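Chemist: This is the structure I want to talk about, given as structure tokens.
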Amino acid sequence: MNIFRLLGDICHLVAIIVLLLKIWKTRSCAGISGKSQILFALVYTTRYVDLFFTYVSLYNSVMKVIFLASSYATLYLIYVKFKATYDFNHDTFRIEFLLIPCVILSLLITHDYSPVELLWTFSIYLEAVAILPQLFMVSKTGEAETITSHYLFALGAYRALYIVNWIYRYYTESFIDGIAVVAGIIQTILYADFFYLYITKVLKGKDFKLPA
Amino acid sequence: NILHSFKDEL
Chain W
1 MNIFRLLGDI CHLVAIIVLL LKIWKTRSCA GISGKSQILF ALVYTTRYVD
51 LFFTYVSLYN SVMKVIFLAS SYATLYLIYV KFKATYDFNH DTFRIEFLLI
101 PCVILSLLIT HDYSPVELLW TFSIYLEAVA ILPQLFMVSK TGEAETITSH
151 YLFALGAYRA LYIVNWIYRY YTESFIDGIA VVAGIIQTIL YADFFYLYIT
201 KVLKGKDFKL PA
Chain S
213 NILHSFKDEL
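As they're listed, the protein sequences go chains W and S.
Taking the numbering used here, the leading residue of the first sequence gets 1, the next gets one more, and so forth.
Taking the numbering used here, the leading residue of the second sequence gets 213, the next gets one more, and so forth.
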């Protein structure tokens, strides 16, 4: 554990809590892509099956349980409790276009052909693109609520901090996980446009609106 | 081998 990974995990946790609180407090999931949340739940489920097979640390296990539980709680809020506020007309990204390539890629490029390893690899690839339905929704409506933009910023910052952590680990432990690093870089690049608008608009107190 | 799986990460 190093400071970059810890900060990354904290950003990740903050993102999830911000999203849950936003939906809970406003009693509405308007502007939130349920499809991205389905993909994230799938990411955590396939990656954290190792919860039953390997023990790393108490921190590691507790965080995994929190990520799993919060992702299913988010799905419950969107698809059950506040279903009436779910903006399905704007959440039209076809997730099979992400799921199928991720399945194929994880069968082609993986560290090892064991079921747990394949699920882990799939989860890494899927996480890289899981935010696309949400970004697609924002681009379709041309705007995002300020709180939604904070959520997206924290979620994007998490993987960016992990990249710094991987560089640090490369120099201190002299090894690197090629799959995680390449996927993590792609994941961070997908947020680049958003980061730019967030920094130039939201941090200056303006609304998050895409240029017309 | 510098390639290694980071399974201790989240």
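All C-beta atoms in this analysis are idealised placements derived from N, C-alpha and C, irrespective of residue type, glycine included.
Only a predicted model underlies this, so the values are computations on that prediction, with no experimental measurement involved.
With a Cβ-Cβ cutoff of 8 Å, do A154 (chain W) and V18 (chain W) count as a contact?
Modeler: Their beta carbons are under 8 Å apart, which means A154 (chain W) touches V18 (chain W) by this criterion.
Chemist: Taking 8 Å as the CB-CB limit, is D193 (chain W) close to chain S?
Modeler: Cβ-Cβ to chain S under 8 Å: no for D193 (chain W).
Chemist: In the DSSP assignment, what are the bridge partners of E143 (chain W)?
Modeler: W:K209, per the DSSP bridge assignment.
Chemist: Which one of W:A30, W:I23, W:L68 and W:L21 has the shortest CA to CA distance from E143 (chain W)?
Modeler: Out of W:A30, W:I23, W:L68 and W:L21, W:A30 has the C-alpha closest to the C-alpha of E143 (chain W).
Chemist: Within this structure, are the beta carbons of F208 (chain W) and S139 (chain W) separated by less than 8 Å?
Modeler: Cβ distance not < 8 Å, so F208 (chain W) and S139 (chain W) don't count as in contact.
Chemist: Could you check the C-alpha separation between L39 (chain W) and A157 (chain W) for me, to the nearest Å?
Modeler: Roughly 19 Å between the two C-alpha positions.
Chemist: Can you tell me where the alpha helix (DSSP H) with I17 (chain W) in it begins and where it stops?
Modeler: Residues I3 to T26.
Chemist: Are the CB atoms of L75 (chain W) and Q37 (chain W) nearer to each other than 8 Å?
Modeler: Yes.
Chemist: For I95 (chain W), name the three-state secondary structure that DSSP assigns.
Modeler: Of the three classes helix, strand and coil, the one that applies to I95 (chain W) here is coil, per DSSP.
Chemist: Where does I185 (chain W) fall in DSSP's three states?
Modeler: Helix, per DSSP.
Chemist: DSSP state of I176 (chain W), grouped into three classes?
Modeler: In this structure, I176 (chain W) counts as strand in the three-state DSSP scheme.
Chemist: Please name the residue in W:P115, W:G184, W:L99 and W:G34 whose C-alpha comes closest to that of K50 (chain W).
Modeler: As written in the sequence, residue 50 (chain W) is Asp, which differs from the Lys given in the question. Nearest of W:P115, W:G184, W:L99 and W:G34 to D50 (chain W), Cα basis: W:P115.
Chemist: Decide yes or no for the touch test of the region 39-48 of chain W against the region 163-176 of chain W: beta carbon pairs closer than 8 Å, at least 3 of them.
Modeler: Verdict: no, contact absent.
Chemist: In angstroms with no decimal places, state the Cα-to-Cα distance between T188 (chain W) and G178 (chain W).
Modeler: Using only the alpha carbons, I get a separation of about 15 Å.
Chemist: Is it buried or exposed for L108 (chain W), if we count other Cβ within 10 angstroms and need 16 for buried?
Modeler: L108 (chain W) is exposed by the Cβ-count criterion.
Chemist: By the three-class DSSP mapping on this structure, what secondary structure does N60 (chain W) have?
Modeler: Helix at N60 (chain W).
Chemist: When DSSP labels each residue in this structure, what does I127 (chain W) get in the three-state scheme?
Modeler: Looking at the sequence shown, residue 127 (chain W) is not Ile but Glu. If DSSP states are grouped into helix, strand and coil, E127 (chain W) belongs with the helices.
Chemist: Could you tell me whether any Cβ in chain S is nearer than 8 Å to the Cβ of T45 (chain W)?
Modeler: No, because no Cβ of chain S sits closer than 8 Å to the Cβ of T45 (chain W).
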